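S.K.: Residue numbers (the numbering used here): 6 to 316.
Glycine included, every Cβ here is placed at the ideal spot set by N, Cα and C.
All values reported here derive from a predicted model rather than from experimental measurement.
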Ligand SMILES: [Zn+2]
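Written out as structure tokens, the structure is:
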């Protein structure tokens with residue numbers, strides 16, 4: 006007959022080993038799910054970039070477990086450096102995964118974003134330089150003029166940036182006829198192209214590439230000028246038509262950054278495409294590219310390239 010204390014010990018061992026086994030199983034399950042969510046996200050990010058910059062990103066490669074996009078110039082840009090980074094080091098030293106990580110919310114917002122939620126504010130400069138010009142004179146040779154109100158402003162002609170700005174402004178000019186609030190928040194514009202660094206940083210402003218426009222200024226527009234309450238008040242009263250039309254033409258709005266920049270719109274097709282195609286939560290029972298228009302031949306081509314590079 007087994008003594009009572011021994012029985013107790015045996016039961017404890019059984020219970021604990023059962024627990025730890027279950028814990029192990031659920032851990033590996035979590036890891037598997039995470040892995041496939043990570044892969045879904047990675048492939049989606051790469052696809053959005055290829056659709057956003059069709060003449061500049063020519064391939065995707067995997068080498069020793071590291072994934073790169075290959076630019077037309079031959080330069081390779083790493084997808085994920087796998088480093089643990091806080092928000093400011095992501096801003097200063099981002100990889101593609103950092104740039105694409107925060108989901109941009111399309112449409113009307115009624116409040117200031119949560120702290121350090123700045124979708125589209127992180128930029129991978131080698132991509133911008135490849136597309137819009139690697140230095141001041143290269144950028145300036147790509148500029149063309151777009152009319153905003155009664156003045157003309159320089160904007161980058163590459164990758165449809167100036168064309169999309171022109172289309173957005175023309176659409177807003179029509180809407181302004183029935184809504185004076187639209188025109189009074191657009192012109193006079195506070196500027197487009199300006200070869201400068203972001204104040205207090207060593208990073209070039211998106212204005213330096215000629216891909217950002219500041220519309221008419223209000224003193225509550227910038228996180229360094231105004232309190233959070235003032236910023237939020239301005240976001241609430243900002244005409245949603247301006248935001249919708251710019252987003253339709255692949256611009257992100259600085260009003261959707263916790264470091265708000267409400268007069269600022271920036272041409273970032275990769276961020277808008279990800280929001281448009283993949284705005285919902287990932288459903289791994291569907292294909293990773295569920296949401297993308299498959300009737301476009303180019304899209305199918307990019308999907309194949311990505312599937313071939315990443316098993
Ligand atoms: Zn700006």
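Based on DSSP bridge pairs, tell me the residues matched to residue 270.
M.R.: Position 265 of the chain shown holds residue 270. Per DSSP, 218 and 258.
S.K.: Fully enclosed by the segment 179-256, which beta strand (DSSP E) runs are 3 residues long or longer?
M.R.: 217-219
S.K.: Compute the Euclidean distance between the alpha carbons of residue 50 and residue 256, then round it to the nearest angstrom.
M.R.: Position 45 of the chain shown, counting from 1, holds the residue named residue 50. Position 251 of the chain shown, counting from 1, holds the residue named residue 256. Rounded to whole angstroms, residue 50 to residue 256 spans 17 Å at the Cα level.
S.K.: Grab me the residues of residue 56's own chain with a C-beta within less than 6 Å of its C-beta, minus the 5 sequence neighbours each way, in chain order.
M.R.: Counting from 1 along the chain shown, the entry for residue 56 is found at position 51. 278.
S.K.: What residues in its chain sit with their C-beta under 6 Å from that of residue 176, if we drop five residues either side in the sequence?
M.R.: In the chain shown, counting from the first residue as 1, residue 176 sits at position 171. Hits under 6 Å: 250.
S.K.: Which complete beta strand (DSSP E) runs does the segment 141-181 hold, if anything under 3 residues is left out?
M.R.: Within the segment 141-181, the beta strand (DSSP E) runs of at least 3 residues that lie entirely inside it are, in chain order, 148-153 and 156-161.
S.K.: Taking all protein chains shown into account, do 16 or more other C-beta atoms lie within 10 angstroms of the C-beta of residue 155, making it buried, or fewer, making it exposed?
M.R.: Locating residue 155 in the chain shown gives position 150, counting from the first residue. Around the beta carbon of residue 155, fewer than 16 other beta carbons sit within 10 angstroms, so the residue counts as exposed.
S.K.: Excluding sequence positions up to five away, which residues of its chain have a Cβ less than 8 Å from the Cβ of residue 268?
M.R.: Looking up residue 268 in the chain shown gives position 263. Cβ within range, chain order: 195, 219, 220, 221, 222, 223, 226, 227 and 259.
S.K.: Where do the ends of the beta strand (DSSP E) carrying residue 64 lie?
M.R.: Residue mapping note: residue 64 aligns to position 59 of the chain shown, counting from 1. Here the beta strand (DSSP E) through residue 64 covers 62-68.
S.K.: For residue 302, does the count of other Cβ atoms within 10 angstroms reach 16, so buried, or fall short, so exposed?
M.R.: The sequence position of residue 302 within the chain shown is 297, counting from 1. Classification for residue 302: exposed.
S.K.: Compute every distance between the C-beta of residue 268 and the non-hydrogen atoms of ligand 1, then say whether any falls below 8 Å.
M.R.: Along the chain shown, one-based indexing puts residue 268 at 263. For ligand 1, at least one heavy atom lies less than 8 Å from the Cβ of residue 268.
S.K.: Would you say residue 144 and residue 101 are within 9 Å of each other, going by their C-beta atoms?
M.R.: For this step, residue 144 is matched to residue 139 along the chain shown. For this step, residue 101 is matched to residue 96 along the chain shown. No, the Cβ-Cβ distance between residue 144 and residue 101 is not below 9 Å.
S.K.: Spell out the partners DSSP gives residue 297 in its beta bridges.
M.R.: Stepping through the chain shown from its first residue, residue 297 is reached at position 292. Per DSSP, none; premise fails for residue 297.
S.K.: Just to confirm the assignment: which complete alpha helix (DSSP H) runs, minimum length 4, are found wholly within the segment 70-127?
M.R.: 92-97 and 101-106
S.K.: Would residue 239 and residue 130 be called neighbours here (beta carbons separated by less than 9 Å)?
M.R.: Position 234 of the chain shown, counting from 1, holds the residue named residue 239. Position 125 of the chain shown, counting from 1, holds the residue named residue 130. No, the pair does not count as a contact, with Cβ atoms beyond the cut-off.
S.K.: Whole-angstrom Cβ separation of residue 200 and residue 213, contact assumed at under 8 Å?
M.R.: As a position in the chain shown, residue 200 is number 195, starting the count at 1. As a position in the chain shown, residue 213 is number 208, starting the count at 1. Yes, they are in contact, since the Cβ atoms of residue 200 and residue 213 sit about 5 Å apart, within 8 Å.
S.K.: Residue 138: which of 211, 53 and 121 sits nearest, CA to CA?
M.R.: Counting from 1 along the chain shown, the entry for residue 138 is found at position 133. That would be 211, whose Cα lies nearest to the Cα of residue 138.
S.K.: Check whether the Cβ of residue 211 lies closer than 8 Å to any heavy atom of ligand 1, and answer yes or no.
M.R.: Taking the first residue of the chain shown as position 1, residue 211 is located at position 206. Answer for residue 211: yes, Cβ within range of ligand 1.
S.K.: Within 8 Å: the Cβ of residue 259 and any heavy atom of ligand 2?
M.R.: As presented, the structure is devoid of ligand 2, carrying ligand 1 as its sole ligands.
S.K.: Apart from the five residues on each side of it in sequence, which residues of its chain come closer than 6 Å, Cβ to Cβ, to residue 280?
M.R.: Within the chain shown, residue 280 is the residue found at index 275, counting from 1. Same-chain partners within the cutoff: 109 and 111.
S.K.: On the CB-based measure, 16 or more other CB atoms within 10 Å of its CB, does residue 107 come out buried or exposed?
M.R.: Taking the chain shown and counting its residues from 1, one reaches residue 107 at position 102. When all chains shown are included, residue 107 counts as buried.
S.K.: Grouping DSSP H, G and I as helix and E and B as strand, with all else coil, what is residue 129?
M.R.: Taking the chain shown and counting its residues from 1, one reaches residue 129 at position 124. The answer is coil: DSSP assigns residue 129 none of H, G, I, E or B.
S.K.: So, using beta-carbon positions, are residue 180 and residue 197 closer together than 9 Å?
M.R.: On the chain shown, residue 180 is found 175 positions in, with the first residue counted as 1. On the chain shown, residue 197 is found 192 positions in, with the first residue counted as 1. Result no, Cβ atoms of residue 180 and residue 197 do not sit closer than 9 Å.
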